[in-house]
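Structure record follows, encoded as structure tokens.
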Amino acid sequence: MKQDLLQFELADQTGTDYWTRMVKCQDACPVHTNACGYVTAIAEGRHQEAYRIARATNPFASICGRVCGAPCEVNCRRGDLDAPVTIRALKRFVTEKFGPESGDFQHYHAGADDRMIPPRRGDFEKIAVIGGGVSGLTVAHDLTKLGYKVTIFEAYSTPGGMLTAGVPVYRLPRELVNAEINAILSMGVELKCNMRLGRDFSIDDLRRQGYKAIFLGVGLPKGRKISLPNSELPMVYDGLEFLRAFNEGKPYELGKRIVVIGGGNVAYDVARSAVRRAKVQMADAESDMERTQRIAYDVARSALRLSGDKEVHVVCLEQRHEMPADEVEIHEGEEEGIRLHAARGPREVLEENGEVIGLRTVKCNSVFDENGKFNPSFDENVIEDIEADTILFAIGQSSDLSFLKPEDGVETDRGLIKVNPDTYQTSAPDVFACGDIAHGPRLFIHAIASAQIAARSMHDFLRNTRTDVVVRKRWLPADYTMADGWDQLNRRNPSVIESERRAASLDIIEINYSEEEARTQASRCLRCNINTIFDTSICIACNGCVDVCPENLIKLVGLHQIRQDASLMNLAAESLDITEDDLKGSSDEELKALGAIMLKDESTCIRCGMCASRCPTHAINMRRFDFYRECVTIDSPNPRVKYYAGETGEISAG
């Protein structure tokens, strides 16, 4: 009896979701940027096409090329082999060529993928956006493209939110931020600065002025503190307040020995900014002196350095390997002279005559309990006092909701604005909110993604429509070979300026790739949209693919060998069109006669193509899975959106 060959993937292949999940970088990106697409384009020298792909679903592609948390890299399949592709840095490589920072908005506007906003356009109502940060600007970007008249009300003198207030200038050049914001404003968005909600106007004012929907993108502007003895003393600061002053170039009094409390990226932003503020001020003072004065100043500066002047310390609860801060931040901070005190809990701000003289800490045994909840455990007998005259808290952010009034109808929950997570609509139907003020601190890219959903929901609310996002897909033959020496290409992060220069200036620390470096790093991509497709009808079960697979993830086994695996037996029964009970009741000899199974663990496949090359009957082919997301709208209410009913002002569900 001729044996049949069955192929099973160790996952459910029946739906589109399976194949989209296989492209891990794109699936992990909250706005689903086709990272594989633009990285491949860079490897092939198609730079303008690479920018178009990177920009398509992201109005802040250039900024994300500098400061994105890069969940795509965390999930990159190449990381399972050695190290992830440098996706974020490669995005910067092409955005510098074609993004708004190049001085030309043409590619920015042309690159936007209009399929990700509802198809119905027109000359629509006035929309008020409160806050010119990432979420507010994204909502303005999408709604303006739809035809709404959008006005952004910004509390400060310049827009940008945490992009300008919280990200240090040495990581994100303000010229770049301004360029990408101006590209959005050039679409027809009106911007009103120095307009604070609750001080200069109210939500009720906006309604009376004819704004038909209001978006709240006010973020979390305040830093959190913990209550410590003497924490009310002068020279004990909110780290976010210091960062805003640092980024705006405003004076801020710091002492000679600075302690930053916190273990995340913001704590290192604060600490590294404190290092730079001290040294930049020293350099500025030196530049104003005559030569004779400089000689004396050199002597004094050397003496101060020898005495340990301008120390910056970071104190955190976590062990070094547990810290939420990126490893590169910790490493570069150490290079710049920052001293880390890991696994220490702050207990008291030490004072003398009303002035800060240090921070008392105790050993932190663990940060989380056995249930994974934040519940630090301390050893109060292991004490370390750190000499300091300045304390900066960088342990989190909090909201300021003082602008809300009962008549606004906007409910809150534990310091955040309460929203429907599917639509970002608040308890007031005409008010929407997202970003940090709705779901707490997350990455910039999460704020962009949630703002895109909010914009679609606002459109549905105003047009009485329902908009859904669908996945379009197609399979194409792939003329596919891996780059020469692909398995020998190591990850190389972009170079950074040397540590002494970094610490003494506000220069951008990361150096962009050269063309050759970018092409080499892009060539490391495993191209996860390329898949091995098996045609079992012409497979001769020669085991060649099994033998050649470098990851040992293909197996050819008899049905009798999977008897104990219920999920595989179920799949086999479906493929053979018999009941699972009949299959389980078969003897080993009967199972052997029924056929063999080709098992492939798709989750660990590196797309090397060796199995397809080895197959003598071409039963294995490499095929490209292309997909994109698109908005579709129908003229009926969205069941997830609340609407006003008639002229009564009553609320009705969609």
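Going by the working numbering, the sequence shown opens with residue 285, and the numbers climb by one from there. By construction, the Cβ of each residue, glycine as well, lies at the ideal position given by its N, Cα and C atoms.
Uninterrupted beta strand (DSSP E) stretches inside the stretch 497 to 551 (no shorter than 3 residues): 520 to 522 and 541 to 545
Report the rounded CA-to-CA distance for residue 319 versus residue 752, giving the unit in angstroms. Start at 1 with the first residue of the sequence shown, and residue 319 comes out as number 35. Start at 1 with the first residue of the sequence shown, and residue 752 comes out as number 468. Spanning the two alpha carbons is a distance of roughly 23 Å.
In the structure shown, what three-state DSSP assignment does residue 316 receive? Residue mapping note: residue 316 aligns to position 32 of the sequence shown, counting from 1. Looking at residue 316 - three-state DSSP - the assignment turns out to be coil, as it is neither helix nor strand.
Go ahead and pull the three-state DSSP assignment for residue 362. Taking the first residue of the sequence shown as 1, we reach residue 362 at position 78. If DSSP states are grouped into helix, strand and coil, residue 362 belongs with the helices.
Can you list, in chain order, the residues of its chain whose CB lies under 7 Å from that of residue 773, leaving out five sequence neighbours each side? The residue given as residue 773 occupies position 489 in the sequence shown. 804, 807 and 808.
Near residue 644, which residues of its chain fall below 7 Å by C-beta distance, leaving aside the five closest residues on each side in sequence? In the sequence shown, counting from the first residue as 1, residue 644 sits at position 360. Hits under 7 Å: 631, 632, 634, 667 and 669.
Residue closest to residue 906, alpha-carbon to alpha-carbon, out of 626, 896 and 323: Taking the sequence shown and counting its residues from 1, one reaches residue 906 at position 622. Among 626, 896 and 323, the Cα nearest to that of residue 906 belongs to 896.
So is residue 714 buried or exposed if we call it buried at 16+ other beta carbons inside 10 Å? Here residue 714 corresponds to residue number 430 of the sequence shown, with the count starting at 1. Buried, by the Cβ-count rule.
Mind pulling the beta strand (DSSP E) runs of 3 or more residues that sit fully within the stretch 883 to 938? 904 to 918, 926 to 929 and 934 to 937
Check the C-beta distance from residue 323 over to residue 365 and give it rounded, since I have them as a contact under 8 Å. Start at 1 with the first residue of the sequence shown, and residue 323 comes out as number 39. Start at 1 with the first residue of the sequence shown, and residue 365 comes out as number 81. Rounded, the Cβ-Cβ distance is 15 Å, inconsistent with contact.
Cα separation between residue 740 and residue 426? Here residue 740 is taken as the residue at index 456 of the sequence shown, counted from 1. Here residue 426 is taken as the residue at index 142 of the sequence shown, counted from 1. Going from the Cα of residue 740 to the Cα of residue 426 covers about 8 Å.
Please list, in chain order, all residues of the same chain as residue 317 whose beta carbon is under 6 Å from its beta carbon, the five residues on each side excluded. Taking the sequence shown and counting its residues from 1, the one referred to as residue 317 is at position 33. Once the five neighbours on either side are set aside, the close Cβ partners of residue 317 are 341 and 342.
Just curious, the alpha helix (DSSP H) that residue 804 is in, first and last residue? For the purposes of this step, residue 804 is identified with residue 520 of the sequence shown, where counting begins at 1. Here the alpha helix (DSSP H) through residue 804 covers 799 to 806.
With distances taken Cα to Cα, identify the nearest neighbour of residue 829 among 904, 647, 557 and 479. Translated into positions along the sequence shown, residue 829 becomes position 545. The shortest Cα separation from residue 829 among 904, 647, 557 and 479 belongs to 904.
If you count every other CB in all the chains shown that lies within 10 Å of the CB of residue 350, and 16 or more means buried, which is it? Here the question's residue 350 lines up with position 66 in the sequence shown. Buried: at least 16 other Cβ atoms inside 10 Å.
Can you tell me which residues form a DSSP beta bridge with residue 629? Your numbering for residue 629 matches position 345 in the sequence shown. Beta-bridge pairing links residue 629 to 646.
Applying the 10 Å Cβ sphere with the 16-neighbour rule, what's the burial state of residue 681? Here residue 681 refers to the residue found at position 397 when the sequence shown is read from its first residue. Buried, since its Cβ has 16 or more Cβ neighbours within 10 Å.
Where does residue 773 sit, in a helix, a strand or coil, going by DSSP? Residue mapping note: residue 773 aligns to position 489 of the sequence shown, counting from 1. Correct three-state label for residue 773: coil.
At a cut of 8 Å, does the stretch 534 to 548 reach the stretch 598 to 609 through at least three beta carbon pairs? yes
Have a look at the DSSP bridge pairing and note the partners of residue 815. Position 531 of the sequence shown, counting from 1, holds the residue named residue 815. In the DSSP output, where bridge partners are listed per residue, residue 815 has 907.
Tell me residue 443's beta-bridge partners as DSSP assigns them. To locate residue 443, count along the sequence shown from 1; it is residue 159. According to DSSP, which records beta bridges pairwise, residue 443 is partnered with nothing at all.
What does DSSP give as the partner residues of residue 709 in its beta bridges? The residue labelled residue 709 in the question sits at position 425 within the sequence shown. In the DSSP output, where bridge partners are listed per residue, residue 709 has 716.
Member of 523, 466 and 662 whose CA lies at the smallest distance from the CA of residue 442: Within the sequence shown, residue 442 is the residue found at index 158, counting from 1. It is 466.
Would you say the stretch 791 to 805 touches the stretch 323 to 333, given that touching needs at least three Cβ pairs under 8 Å? yes
List the whole-angstrom C-beta distance separating residue 920 from residue 750, where the pair is believed to meet the contact cut-off of C-beta under 8 Å. Translated into the one-based positions of the sequence shown, residue 920 becomes position 636. Translated into the one-based positions of the sequence shown, residue 750 becomes position 466. Sure, about 6 Å apart at Cβ, within 8 Å.
Opposite residue 435 in the DSSP bridges: which residues? Locating residue 435 in the sequence shown gives position 151, where the first residue counts as 1. Residue 435 is bridged to 412 and 474.
Under the assumption that residue 827 contacts residue 840 (Cβ atoms under 8 Å), give the Cβ distance between them as a whole number of angstroms. Counted from its first residue, the sequence shown places residue 827 at position 543. Counted from its first residue, the sequence shown places residue 840 at position 556. 6 Å between Cβ atoms; contact.
Beta-ladder partner(s) of residue 652, from DSSP: Stepping through the sequence shown from its first residue, residue 652 is reached at position 368. In the DSSP output, where bridge partners are listed per residue, residue 652 has 658.
Span of the beta strand (DSSP E), counted from its first residue to its last, around residue 597: Along the sequence shown, read from residue 1 onward, the residue named residue 597 stands at position 313. 595 to 599 is the extent of the beta strand (DSSP E) around residue 597.
Secondary structure at residue 839, three-state DSSP: helix, strand or coil? Numbered from 1 along the sequence shown, position 555 holds the residue referred to as residue 839. If DSSP states are grouped into helix, strand and coil, residue 839 belongs with the strands.
Regarding residue 450 and the ligand MG, is the C-beta to nearest heavy atom distance less than 7 Å? For the structure depicted, the ligand MG is absent and the ligand set is empty, with no information on it obtainable.
Residues in its own chain within less than 6 Å of residue 822 by CB, not counting five upstream and five downstream? Numbered from its first residue, the sequence shown carries residue 822 at position 538. Around residue 822: 901 and 903.
Coarse secondary structure for residue 336, derived from DSSP in three states: Here the question's residue 336 lines up with position 52 in the sequence shown. Residue state, collapsed to three classes: helix.
With burial defined as no fewer than 16 other Cβ atoms inside 10 Å of the residue's Cβ, what is the status of residue 521: buried or exposed? Numbered from its first residue, the sequence shown carries residue 521 at position 237. It counts as buried.
Does DSSP put residue 454 in a helix, in a strand, or in coil? Position 170 of the sequence shown, counting from 1, holds the residue named residue 454. Of the three classes helix, strand and coil, the one that applies to residue 454 here is coil, per DSSP.
Taking residue 776 and residue 801 to be in contact with their CB atoms under 8 Å, please state how far apart those CB atoms are, rounded to whole angstroms. Translated into the one-based positions of the sequence shown, residue 776 becomes position 492. Translated into the one-based positions of the sequence shown, residue 801 becomes position 517. Indeed they touch by this definition, with Cβ atoms about 7 Å apart.
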